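Novice: Per the working numbering, the sequence shown starts with residue 13, numbered consecutively. Dropping a structure here in structure tokens format, bear with me for questions.
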Amino acid sequence: MRISQLVQRSGVPATTLRFYEGAGLLSADRTPSGYRVYGEDAVDRLAFIGAAKHLGLPLEEIGELLTVWEAGACVEVKADLRPRIAARLKEVEQRLAELTAFTTSLHSALEGVTPR
13 MRISQLVQRS GVPATTLRFY EGAGLLSADR TPSGYRVYGE DAVDRLAFIG AAKHLGLPLE
73 EIGELLTVWE AGACVEVKAD LRPRIAARLK EVEQRLAELT AFTTSLHSAL EGVTPR
């Protein structure tokens, strides 16, 4: 399928598809006139990339997971994904604790400057 068809089927903008191609996350063949042509698997691949991005994984790690995913080793993908998700969760929980402490600090500061 051409890039416009993939955009329509996946909802991913053409600029993003080109970026993913440049980053090695998505491959496209070329017609003799230079148009990009994607296989049917591109839609599933983009769904995988989108889900991994939603989990907060950087593109480098998504590329590593795609390599395992391409091998068809779903169990291995899950095993590889688990520690990555756990690491992201730990980071988010730490940021949440920091933001909670900051919120408490702001409330205290606000109480100190409230006119009586």
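Where a beta carbon is used, it is the ideal one built from N, C-alpha and C, also for glycine. Since the model is a prediction, treat every value here as computed from it, not as a measurement.
Tell me, to the nearest whole angstrom, how far the beta carbon of Leu18 is from that of Ala54; I am working on the premise that it is less than 8 Å.
Specialist: The pair is a contact, with the Cβ atoms about 6 Å apart (cut-off 8 Å).
Novice: Under 8 Å Cβ to Cβ from Thr28, same chain only, skipping five residues before and after it: list those, please.
Specialist: So the list is empty, once near-sequence residues are dropped.
Novice: DSSP puts Val49 in a beta bridge; with which residues?
Specialist: Partner(s): Arg14 and Asp41.
Novice: Only counting the same chain, and skipping five residues up and downstream in sequence, which positions put a Cβ closer than 8 Å to that of Pro25?
Specialist: Closer than 8 Å at the Cβ level, and outside the excluded window around Pro25, lie Val19.
Novice: Just verifying my parser: in three-state terms, what is the DSSP assignment at Pro70?
Specialist: Of the three classes helix, strand and coil, the one that applies to Pro70 here is coil, per DSSP.
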